[in-house]
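Working notes, structure below.
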Amino acid sequence: MSSYPPVKIGLLGLGTVGGGVTHVLARNAEEISRRAGREILISHAAARNLDSTTARTAGIKLTGEALEVVNDPDISIIVELLGGYEPARSLVLRALANGKHVVTANKALIAKHGNEIFAAAQAAGTMVGFEAAVAGGIPIIKAIREGLAGNRLEWVAGIINGTANFILTEMRDKGRDFPDVLAEAQALGYAEADPTFDVEGIDAAHKLTILASIAFGIPLQFDKVYIEGISRITREDVAYAEQLGYRIKHLGIARRDERGAQLRVHPTLIPQRQLLASVSGVMNAVLVRGDAVGQSLFYGAGAGAEPTASAVVADIIDVVRTLTVDPDNRVPHLAFQPDALSDLPVLPMTEVETCYYLRLQAVDRSGVLADVTRILADRDISIEAVLQKEPPPGARDVPIILLTYRVREQRMNEAIAAIEALDSIHAPVVRIRMEHLNSD
Ligand code: HSE
Numbered sequence: 001m002s003s004y005p006p007v008k009i010g011l012l013g014l015g016t017v018g019g020g021v022t023h024v025l026a027r028n029a030e031e032i033s034r035r036a037g038r039e040i041l042i043s044h045a046a047a048r049n050l051d052s053t054t055a056r057t058a059g060i061k062l063t064g065e066a067l068e069v070v071n072d073p074d075i076s077i078i079v080e081l082l083g084g085y086e087p088a089r090s091l092v093l094r095a096l097a098n099g100k101h102v103v104t105a106n107k108a109l110i111a112k113h114g115n116e117i118f119a120a121a122q123a124a125g126t127m128v129g130f131e132a133a134v135a136g137g138i139p140i141i142k143a144i145r146e147g148l149a150g151n152r153l154e155w156v157a158g159i160i161n162g163t164a165n166f167i168l169t170e171m172r173d174k175g176r177d178f179p180d181v182l183a184e185a186q187a188l189g190y191a192e193a194d195p196t197f198d199v200e201g202i203d204a205a206h207k208l209t210i211l212a213s214i215a216f217g218i219p220l221q222f223d224k225v226y227i228e229g230i231s232r233i234t235r236e237d238v239a240y241a242e243q244l245g246y247r248i249k250h251l252g253i254a255r256r257d258e259r260g261a262q263l264r265v266h267p268t269l270i271p272q273r274q275l276l277a278s279v280s281g282v283m284n285a286v287l288v289r290g291d292a293v294g295q296s297l298f299y300g301a302g303a304g305a306e307p308t309a310s311a312v313v314a315d316i317i318d319v320v321r322t323l324t325v326d327p328d329n330r331v332p333h334l335a336f337q338p339d340a341l342s343d344l345p346v347l348p349m350t351e352v353e354t355c356y357y358l359r360l361q362a363v364d365r366s367g368v369l370a371d372v373t374r375i376l377a378d379r380d381i382s383i384e385a386v387l388q389k390e391p392p393p394g395a396r397d398v399p400i401i402l403l404t405y406r407v408r409e410q411r412m413n414e415a416i417a418a419i420e421a422l423d424s425i426h427a428p429v430v431r432i433r434m435e436h437l438n439s440d
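According to full-length UniProt numbering, the stretch in the sequence shown is residues 1 to 440, in order.
Here's what the structure looks like:
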């Protein structure tokens with residue numbers, strides 16, 4: 001083994017993931033140092049609980065002041081596990097200014113402030129690892145940034161929020177209602193501190209921002225992601241989709257064509273035979289389409305102490321291995337050289353083309369379906385399937401479900417407005433986008 005002294009790590013946050021990192025580094029210390037070429041030690045940590053047993057048993061110096069760790073001259077790598085925008089952003093920028101490398105699991109921080117953080121790291125000649133920010137233990141950043149670097153990547157579609165996937169799975173398998181399942185996801189500790197981040201798609205949008213950036217070589221643009229969560233999905237929609245051969249998944253989709261890039265997060269009907277449709281519970285999966293490789297699917301635990309620690313520790317090892325490498329010869333943060341990022345425009349949602357599931361609440365009388373199909377036909381929107389259900393007990397209106405072929409969202413918006421204006425249609429039209437995720 002090398003004669004280099006141990007590398008000292010400073011931890012910011014000693015909660016679930018911090019505990020996982022401490023345990024994995026201790027349990028696998030021998031193999032980790034064989035991989036990294038030198039010993040890795042956590043020597044200083046900032047935590048809210050200064051009586052942490054984890055810290056005591058691991059011999060880690062504890063403080064309540066994160067800045068003390070960031071300014072500790074013995075520390076080479078700061079591992080930021082606080083989450084949220086601030087004080088994480090200021091602490092990371094301070095660490096970089098102090099010449100330290102940073103490893104973070106903070107998707108919100110990277111999605112929103114990553115451009116600033118990577119520029120600061122570039123200026124300081126330091127590294128920022130963020131594998132744990134997307135899909136927990138799945139090494140998707142490394143796979144896209146390095147393993148697929150020979151490809152022109154065309155699209156990425158992922159189940160990247162475990163809580164939303166757990167809720168949709170329970171609604172389908174057990175016919176449970178949304179609020180009831182969310183309460184269980186919170187009790188099980190999957191959900192974000194603010195569960196609206198999970199159910200309204202914000203957490204998935206943070207992760208998609210990062211995936212799109214490294215896939216297409218574009219700056220991080222969280223503000224341009226179209227975001228829709230799962231809070232309006234009913235178990236009836238889940239059941240109707242199943243009857244039509246589809247499953248509803250909450251997907252993050254990044255796609256590019258000659259017009260620009262699409263960045264969108266929304267519930268999506270996908271064919272039941274598509275592998276992503278089988279990803280259940282809190283698991284995550286990311287499907288990537290490259291021109292050379294075709295489709296590649298990456299599956300695994302998207303959250304949890306040790307799966308997330310697996311990604312954090314891999315980043316630490318990467319940083320340790322390259323401590324002595326010329327900063328210009330490292331893998332670029334966003335996969336492409338910083339001066340070679342593209343200004344590909346991000347398309348507004350109205351310009352996106354996709355297929356649709358529509359559910360209407362209609363008066364049960366002749367001619368209603370004809371009116372609806374005429375509105376669609378007038379806009380050249382072609383119908384793939386129609387399903388009319390019995391009115392639920394006690395209800396007057398009948399649910400009509402339509403699946404359409406691909407159409408631009410702007411045109412679908414116009415069609416929906418015209419349908420909603422009909423006397424025979426009583427409630428807002430439910431619209432869920434549909435993707436086949438085949439080879440194009
Ligand atoms: N709340 C997130 C999820 C945790 O449910 O996927 C991992 O980022």
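All C-beta atoms in this analysis are idealised placements derived from N, C-alpha and C, irrespective of residue type, glycine included. Small disclaimer: the values here were computed from a predicted structure and weren't measured.
| Check | Outcome |
| --- | --- |
| Beta-carbon spacing of L11, A36 below 8 Å | no |
| Bridge-paired residues (DSSP) for P399 | Q361 |
| CB contact flag (I40, I32, <8 Å) | yes |
| Closest Cα partner of V352 within the set D315, E435, P332 and D364 | E435 |
| Between the CA atoms of R408 and E414 - distance to the nearest angstrom | 10 Å |
| Separation of I218 from E146, as counted between CA atoms | 16 Å |
| Run of the alpha helix (DSSP H) containing H113, from where it starts to where it stops | K107 to A124 |
| Assigned secondary structure, R152 (DSSP; H/G/I helix, E/B strand, else coil) | coil |
| Closer than 6 Å to the ligand HSE: residues, by C-beta to nearest heavy atom, in chain order | G136, N161, G162, T163, Y190, A191, E192, D198, D203, G302 and A303 |
| Helix, strand or coil at S310 according to DSSP, with G and I counted as helix | helix |
| Buried or exposed (CB count within 10 angstroms, at least 16 for buried), Y4 | exposed |
| Residue closest to A133, alpha-carbon to alpha-carbon, out of A314, A183, A29 and E200 | A314 |
| Which of helix, strand or coil DSSP assigns to V325 | coil |
| Beta strand (DSSP E) segments (min. 3 residues) lying fully within the segment 267-292 | 283-290 |
| According to DSSP, residues forming a beta bridge with G304 | DSSP output for G304 lists no bridge partner at all. |
| Local conformation of T63 per DSSP, three classes | strand |
| Neighbourhood of L153 by C-beta, 6 Å cutoff - its chain only, sequence neighbours within 5 removed | A215 and G290 |
| Cα-Cα separation between D339 and V312, rounded to whole angstroms | 27 Å |
| First through last residue of the beta strand (DSSP E) which encompasses Y246 | Y246 to D257 |
| C-alpha distance - L96 paired with L25, whole-angstrom precision | 23 Å |
| Spatially closest choice to residue 447 from I160, R259, V103 and G99, by CA coordinates | This structure leaves residue 447 out entirely; the chain is present only between 1 and 440. |
| P84 to S213 span [Cα, whole Å] | Rather than Pro, the amino acid found at residue 84 in this sequence is Gly. Distance between the alpha carbons of G84 and S213 is about 20 Å. |
| Delimiting residues of the beta strand (DSSP E) encompassing M349 | First-last for M349: undefined, no H or E at that position. |
| At least three beta-carbon pairs within less than 8 Å, the segment 320-328 to the segment 197-212 | no |
| Anticipated Cβ contact below 8 Å, V238 with L168, distance rounded | 7 Å |
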